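In my numbering, the protein residues as written are 12 to 659. Worksheet: one structure, shown below.
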């Protein structure tokens, strides 16, 4: 069972094939002239391996790249760091845009956010190294803030988060693993430029600074200029944007303990793409957006058998943002401004232990607190909004593997504090059955909720602090078939029923209320096949429908009934690859306005020579410029060049 394997420091030695049978065995333990007895290093303990290596006079310490986790989420590995580099992704946003069942779109306030099957605004849980990230006030997370050079893996679950992970996430989970600090010495640098124009650079590296200590610094910078044509008498908005990020990971890994401290800071300035059709639309300038994150994790294997595992996580996130809305393209006639400061802090404790060789119990407690202050300045005066919310979730569960069947179950209760909402139960059950080596069947049932964001609950004169949580019941069946090497077929029908959906009050369009029930039904289909040793074809189709007697005919904005993609990848020779992908999205509704269906074609060519990688990419090859929101269009055809170097 993957969750029953031992984690932590593994000390190995480079020894000849005739090493002593035990680390403490010497010549006096063998008959004179007898040859040393060969030994299998896997049969020795860590201490015996170390003594054996020291006796040989040569020791190389090898660390697991990703220590085994006490709690394995049911997320599916979708992209690796190598794949992201080869396909020209520059940050987490462009990486997630490569996945057909994840929608990356512009937020109304700027930045890029994600939807999964129509779930958004806190319903999609973004985890970076096990810690949930979200804007403490708006409840979203700008996925463009994480550089791709930091990313090791991207894993996705289109089903709700487990109660073990704490509150939130009824619409799905995006799990990002960044590079560990512990591991072989590594430096990765990347330069990017495009026709917008934009110039960017990012770098990450790691080095061992002591026998069990290592650090991984990282940074990225991006500068650019984009001239937006507007409907304001054809006036052009000049956007001189900038973004700077920096991170540092300090990691200690011993035989029983692992300690990780992560620090991250991001500062940026940009103009949200304005409308080129609506002459009365305001233009948003995010004049200052500064985000800082600090996290710490501690893992400890307790007892002589190291079977009891204890895990602790703590985090602190802070955001400061100054947003200005202007009536003119010259950005001189200010209509209003919002000065926001928000803090999110929390901690989680988890303990788990195997039961025999095929089962495990697990328990966790998570505390998450958010606090924000938003000062909105208008011509009529200044309005100040303050709010805070705390949610505590306790959960317990178990995992069992018996032959071809794997069970994973958890249940818990979320208890809000400081807000007018009652506690609610949560649960998730996943059953996986493998009747044959080429077939995997999975059934998932879950009940999960989310607390309304601070903005939904507290902003404006019509604020509704009594908003109840949205609660979602989810059911899904997933079949994966791999009839032969190089072919994979996936089908996943699902249904999600949400109660207490937060929407504008239809009676006056002013405040937010919990407005009834919403049901989303659909099926996700995905396939890929190796047509030839150097040619691979793949595609997907997503069929979905949202229905609600309470919310009207089109209850979900930005939610297409039909969507899909088709791609072809060719590798004519070693180190050279070409990819062409077409994406289709059916028509959607945006605040009552219908947005037409769109087809986007993108292409890339990758060349790799030793430690160097070059990518030429073209987005929106046909220059279709589809609407991202009603009256707002994408920038059109963009050419990009990426050069990456790796040293180890």
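Using N, Cα and C, we set each Cβ at its ideal position, and we do this for glycine too. Small disclaimer: the values here were computed from a predicted structure and weren't measured.
The beta strand (DSSP E) runs of length 3 or more contained entirely in the segment 576-611 are, from start to end of the chain, 587-596, 599-601, 604-606. Going by beta carbons, residue 104 and residue 123 fall inside the 7 Å limit. Looking at the DSSP output, residue 175 bridges to nothing. DSSP places residue 570 in the coil class of the three-state scheme, outside both helix and strand. One thing to note: residue 385 has its Cβ no nearer than 7 Å to the Cβ of residue 343.
At a Cβ-Cβ threshold of 7 Å, residue 263 and residue 224 count as neighbours. Excluding five sequence positions before and after residue 173, the CB atoms of its chain that fall closer than 6 Å to its own CB belong to 421, 439, given in chain order.
Ranked by Cα distance from residue 362, the options 576, 403, 620, 317 are led by 317. Between the alpha carbons of residue 407 and residue 186 lies a distance of about 21 Å.
If you check the CB distance, residue 210 and residue 239 do not come in under 7 Å.
Within the same chain, Cβ atoms closer than 7 Å to the Cβ of residue 369 are found at 12, 411, 412, 413, the five residues on either side in sequence being excluded. From the listed residues 463, 629, 171, the smallest Cα separation to residue 149 is found for 463. Around the CB of residue 389, fewer than 16 other CB atoms lie within 10 Å, so the residue is classed as exposed. Taking 7 Å as the cut-off, the beta carbon of residue 178 is found closer than this to the beta carbon of residue 425. By the 16-neighbour rule on beta-carbons within 10 angstroms, residue 573 is exposed. Taking the C-beta atoms as reference points, residue 142 is found no nearer than 7 Å to residue 135.
Just so you know, the alpha carbons of residue 529 and residue 481 end up roughly 10 Å apart.
Under DSSP, the beta-bridge partners assigned to residue 234 are 210, 253. Of the candidates 320, 516, 353, 417, the residue whose Cα lies closest to the Cα of residue 374 is 320. If you draw a straight line from the Cα of residue 503 to the Cα of residue 391, it is about 52 Å long. With a threshold of 16 other beta carbon atoms within 10 Å, residue 578 meets it and is buried. In terms of Cα proximity to residue 340, the closest of 311, 287, 108 is 287. In the DSSP annotation of this structure, the continuous segment of the alpha helix (DSSP H) that includes residue 105 starts and ends at 103-107. For residue 288, there is no enclosing alpha helix (DSSP H), since its DSSP letter is neither H nor E. For the 7 Å CB-CB criterion, residue 590 and residue 580 form a contact. Inter-residue distance for residue 256 and residue 152 is about 15 Å (C-alpha atoms, whole angstroms). Unbroken beta strand (DSSP E) runs of no fewer than 3 residues, entirely contained in the segment 292-360, are found at 294-313, 319-337, following chain order.
Sixteen is the threshold: since fewer than 16 other Cβ atoms of the shown chains lie within 10 Å of the Cβ of residue 367, the residue is exposed. When the alpha-carbon of residue 618 is set against those of 446, 96, 505, the nearest one is in 96. When the alpha-carbon of residue 470 is set against those of 208, 184, 396, the nearest one is in 396. The count of Cβ pairs closer than 8 Å, one atom from the segment 332-339 and one from the segment 306-317, stays below three, leaving the stretches out of contact. Note: residue 196 is not bridge-paired with any residue in the DSSP secondary-structure output. The bridge partners DSSP lists for residue 512 come to none. DSSP, read as helix, strand or coil, puts residue 152 in coil. Selection 658, 600, 609 evaluated against residue 621 yields 658 as nearest (Cα-Cα). In this structure, the alpha-carbon of residue 138 lies about 14 Å from that of residue 308.
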